[in-house]
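Residue numbers (full-length UniProt numbering): 1 to 277.
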């Protein structure tokens with residue numbers, strides 16, 4: 001594979017790492033830790049946020065520990081995957097579901113959040129509301145207490161308005177993956193960019209955003225709020241890097257997207273942060 005030479009320091013905020021023992025559709029597109037590390041190096045990516053795949057109605061402790069284990073002595077920064085019990089209250093179905101639902105043993109608790117937050121192997125959290133619902137108020141309160149960033153996969157089944165209702169506005173950084181428009185919904189991506197004017201702790205991540213004008217709009221209007229993400233292994237990191245390199249923006253803005261912005265939020269991605277051994 002051709003190794004990219006671009007002269008920028010690049011860190012990646014959206015990389016899936018499937019631990020040993022995970023089966024099912026998560027295995028359809030995956031790489032071993034060594035393969036993933038090699039592909040990142042070829043693309044000129046110096047550090048990557050990694051997390052296990054979402055699976056639904058399952059407990060993520062083993063998967064999170066597997067990702068943390070594979071991050072040792074690699075340029076990987078582990079995020080812990082969490083799940084929830086809440087759905088938006090904006091519909092009768094959501095209100096009914098919230099009224100009658102009870103936590104299951106596999107649901108993330110406030111105590112789980114505290115354990116992950118004070119475990120130096122983890123530097124943030126991720127969840128997918130389209131698979132695992134939203135955290136309840138008790139979990140959100142602890143997320144505010146610990147203050148670590150929360151990465152959210154959003155899109156057609158979890159649109160920007162729903163994120164605003166359930167999540168945005170809390171006192172911790174929220175990084176919305178794929179500009180909140182997966183898969184390739186330009187209207188939702190525009191809505192998510194608009195919400196940056198309203199929510200100071202909201203940031204956007206670039207993986208699978210294939211529309212140049214939307215990437216350029218977000219970078220030009222909010223140069224400090226856009227983070228590079230590759231979407232690996234589903235998308236090769238070389239492709240993701242090239243999509244940003246070809247934007248019609250200044251070199252300073254490219255440096256912000258590739259590393260400077262996210263390093264203000266995730267210290268472990270900084271150039272001076274040592275790899276965990």
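Every residue gets a Cβ at the ideal spot worked out from N, C-alpha and C, and that includes glycine.
Classify residue i as buried or exposed, calling it buried when 16 or more other Cβ atoms lie within 10 Å of its own Cβ.
i, result
"residue 7", "exposed"
"residue 35", "exposed"
"residue 108", "buried"
"residue 69", "exposed"
"residue 242", "exposed"
"residue 39", "buried"
"residue 37", "buried"
"residue 33", "buried"
"residue 5", "exposed"
"residue 274", "exposed"
"residue 272", "exposed"
"residue 56", "exposed"
"residue 111", "exposed"
"residue 251", "exposed"
"residue 144", "exposed"
"residue 203", "buried"
Starting from residue i, trace the beta strand (DSSP E) both ways and give me its first and last residue.
i, result
"residue 50", "45–51"
"residue 244", "Unbroken run through residue 244 is the alpha helix (DSSP H), 237–245; no beta strand (DSSP E)."
"residue 257", "That residue, residue 257, is in no beta strand (DSSP E); it is neither H nor E in DSSP."
"residue 12", "10–16"
"residue 266", "Unbroken run through residue 266: none, as it is neither H nor E."
"residue 151", "150–155"
"residue 81", "76–81"
"residue 123", "122–127"
Report, in whole angstroms, the separation of the C-beta atoms of residue i and residue j, which I expect to be a contact under 8 Å.
i, j, result
"residue 258", "residue 9", "7 Å"
"residue 82", "residue 60", "7 Å"
"residue 52", "residue 18", "7 Å"
"residue 205", "residue 229", "4 Å"
"residue 77", "residue 115", "Actually they are not in contact, since the Cβ atoms of residue 77 and residue 115 sit about 18 Å apart, beyond 8 Å."
"residue 74", "residue 133", "Wrong, their Cβ atoms sit about 31 Å apart, outside the cutoff."
"residue 13", "residue 175", "6 Å"
Check this for me: beta carbons of residue i and residue j, under 8 Å apart or not?
i, j, result
"residue 211", "residue 169", "no"
"residue 263", "residue 72", "no"
"residue 214", "residue 172", "no"
"residue 152", "residue 127", "yes"
"residue 223", "residue 186", "no"
"residue 160", "residue 184", "no"
"residue 254", "residue 244", "yes"
"residue 181", "residue 155", "yes"
"residue 218", "residue 193", "yes"
"residue 247", "residue 216", "yes"
Whole angstroms are fine: how far does the CA of residue j sit from the CA of residue i?
i, j, result
"residue 105", "residue 58", "9 Å"
"residue 149", "residue 125", "6 Å"
"residue 166", "residue 157", "14 Å"
"residue 249", "residue 103", "47 Å"
"residue 140", "residue 131", "18 Å"
"residue 226", "residue 235", "19 Å"
"residue 119", "residue 43", "30 Å"
"residue 276", "residue 269", "12 Å"
"residue 96", "residue 240", "Here the model assigns residue 96 a pLDDT of 46, short of 50, so the residue's position is not dependable, and the following value carries that caveat. If you take the alpha carbons of residue 96 and residue 240, they lie about 41 Å apart."
"residue 190", "residue 136", "27 Å"
"residue 260", "residue 142", "27 Å"
"residue 85", "residue 54", "15 Å"
"residue 231", "residue 209", "10 Å"
"residue 237", "residue 177", "16 Å"
"residue 49", "residue 80", "10 Å"
"residue 64", "residue 117", "13 Å"
In terms of residue numbering, what span does the alpha helix (DSSP H) encompassing residue i cover?
i, result
"residue 323", "In this structure the chain extends from 1 to 277, so residue 323 is not present and cannot be described."
"residue 232", "No alpha helix (DSSP H) contains residue 232, which DSSP labels as neither H nor E."
"residue 163", "160–166"
"residue 198", "Unbroken run through residue 198: none, as it is neither H nor E."
"residue 182", "Run containing residue 182: none in the alpha helix (DSSP H); it sits in the beta strand (DSSP E), 174–182."
"residue 70", "61–71"
"residue 110", "110–117"
"residue 5", "Note, residue 5: premise wrong, no alpha helix (DSSP H); not H, not E."
"residue 107", "Looking at the DSSP string, residue 107 is not in any alpha helix (DSSP H), and its letter there is neither H nor E."
"residue 136", "Residue 136 -> no alpha helix (DSSP H), and no H or E assigned at all."
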